[in-house]
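Participant:
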Amino acid sequence: MARAFVFPGQGSQAVGMGADLAAAFATAREVLQEVDEALKQNLSKLMREGPESELVLTENAQPALMAVSMAVVRVIERDGGKPIDSLTTHVAGHSLGEYSALAAAGALQLADAARLLKLRGQSMQKAVPVGVGAMAALLGIELEPAQEACKEAAQGQVVAVANDNGGGQVVVSGHKEAVERAIEAAKGRGCKRGMMLPVSAPFHCPLMQPAADTMAEALEKVALATPRVPLVANVLAAEVTWPSAVKQRLVEQVTGLVRWRESVLYMKSQDVDTLVECGSGKVLSGLVKRIDKDMTGLAVNGPADIEAFLKTA
């Protein structure tokens, strides 16, 4: 059996993220410094000290999460002496985590990943005026009934499934009123609970098309190498390696459904039994058992986690 490295998305950020790594490893400090220089911003200070109100802004949270993920990977590779392709057969990331996955697999330069995520965050925020869009988590419902609820709730507005996270957790996104209607429509289809999420824009739905256009233009100008291990793309729930195809998937992902449950099951079909979550938080490693009880999730956040992981790698 094999393991895959997976990378968290927005919501896993927290003040103090990466601080223990930076204190313990020069390699981690170099990653954070390189991201600061690429963005011409002291993002590492914001990550370390806050304020949280600034860190949670999409344009800051996205490159910050990637920076911590890459700090973990580089420490494993350089300080642990274990190249990523000797440890894993696949990489995957939840939403922005797909950029972290590509950087980890050597397809995307760290500085390019930081700049692209900054732009991605800014363009997603600009795509829809604040207050017009919303997202909600639907608990205790699967993908198809959630999609039916969205169809019923649209009524001329946009509402779509944004994330199929597995374990009966589906996130919907779109116009605020339509999202509110979708919560009610889902209750009639078995949804146990629907709750609005504290996000600043409706990600992964057609309202994000202006951001997708911006990213298509930006990605055209960036060199992308073939990843050292295949990427399991959000929008395909299947692997992709050809650079032009990877770019296309990154564009589609801005407006498209994050097929996380299916991505995990695809990796299982490829003999992956352990998902190693590299970076901040434990969201993805926590979801694993809810998607497939035979699979294992392992969160590698700080120095002690890295040390423990390297003993088994």
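All residue numbers in the sequence shown are consecutive under the numbering used here, ending with 321. Every residue, glycine too, gets a C-beta built ideally from N, C-alpha and C.
I need the straight-line Cα distance from N280 to G164, nearest angstrom please.
Facilitator: The question names Asn, but residue 280 is Val in the sequence shown. The alpha-carbon atoms of V280 and G164 are separated by roughly 42 Å.
Participant: Name the two residues that bound the continuous alpha helix (DSSP H) containing A112.
Facilitator: Taken as a continuous stretch (DSSP letters only), the alpha helix (DSSP H) holding A112 covers 105 to 112.
Participant: So, for I55: in the same chain, excluding its five sequence neighbours on each side, which residues have a beta-carbon less than 6 Å away from its beta-carbon?
Facilitator: It should be noted that the sequence gives Met, not Ile, for residue 55. Result list for M55: M25, G26, A72, in chain order.
Participant: Taking 8 Å as the threshold, find out whether the region 138 to 151 comes into contact with the region 183 to 190 through three or more Cβ pairs.
Facilitator: With the cut-off at 8 Å, the region 138 to 151 and the region 183 to 190 touch.
Participant: Among the candidates M9, A46, Q49, T66, whose CA atom is the shortest distance from the CA of A22?
Facilitator: Nearest option by C-alpha distance: T66.
Participant: Going by DSSP in three states, N173 sits in which element: helix, strand or coil?
Facilitator: In this structure, N173 counts as strand in the three-state DSSP scheme.
Participant: Starting from G202, follow the beta strand (DSSP E) in both directions and report where the run begins and ends.
Facilitator: Where G202 is concerned, the enclosing beta strand (DSSP E) stretches over 201 to 204.
Participant: How long is the line joining the alpha carbons of P348 and T320, rounded to whole angstroms?
Facilitator: A question about residue 348 goes unanswered here, because the residues of the chain that appear run from 9 up to 321.
Participant: Of all the options E85, L295, G176, N309, which has the alpha carbon lying nearest to the alpha carbon of V76?
Facilitator: The shortest C-alpha separation from V76 is found at N309.
Participant: Quick check: what's the CA-CA separation for G182 versus K159?
Facilitator: Cα to Cα, G182 sits roughly 12 Å from K159.
Participant: Measure the beta-carbon distance from G289 to S20 and round it to whole angstroms, keeping in mind my assumption that it falls under 8 Å.
Facilitator: With 8 Å as the limit, G289 and S20 qualify as a contact, their Cβ atoms being about 3 Å apart.
Participant: Here's the rule: buried if 16 or more other CB atoms are within 10 angstroms of the residue's CB, otherwise exposed. What is E228?
Facilitator: Exposed, by the Cβ-count rule.
Participant: In the DSSP assignment, what residue or residues form a beta bridge with R11?
Facilitator: Beta-bridge pairing links R11 to T282.
Participant: Roughly how far, in whole angstroms, is the beta-carbon of L265 from the beta-carbon of A135, given that I think they are within contact range, below 8 Å?
Facilitator: So it is not a contact: roughly 17 Å between Cβ atoms.
Participant: Name the DSSP bridge partner or partners of L146?
Facilitator: BP columns for L146 point to V178, G202.
Participant: Look at A316 and S293 and say whether their C-beta atoms are less than 7 Å apart.
Facilitator: It is not a contact, given that the beta carbons lie outside the stated cut-off.
Participant: When the distance is taken between beta carbons, is V43 closer than 7 Å to T51?
Facilitator: With the sequence shown as reference, residue 51 is identified as Leu, and Thr is not the correct amino acid for it. Yes, they are a contact pair.
Participant: Secondary structure at G305, three-state DSSP: helix, strand or coil?
Facilitator: In this structure, G305 counts as strand in the three-state DSSP scheme.
Participant: Determine, using beta-carbon pairs with one atom in the region 116 to 136 and one in the region 239 to 252, whether at least three such pairs fall under 8 Å.
Facilitator: Contact between the region 116 to 136 and the region 239 to 252 is absent, because fewer than three Cβ pairs lie under 8 Å.
Participant: DSSP puts G264 in a beta bridge; with which residues?
Facilitator: Note: G264 sits in no beta bridge, so no partner.
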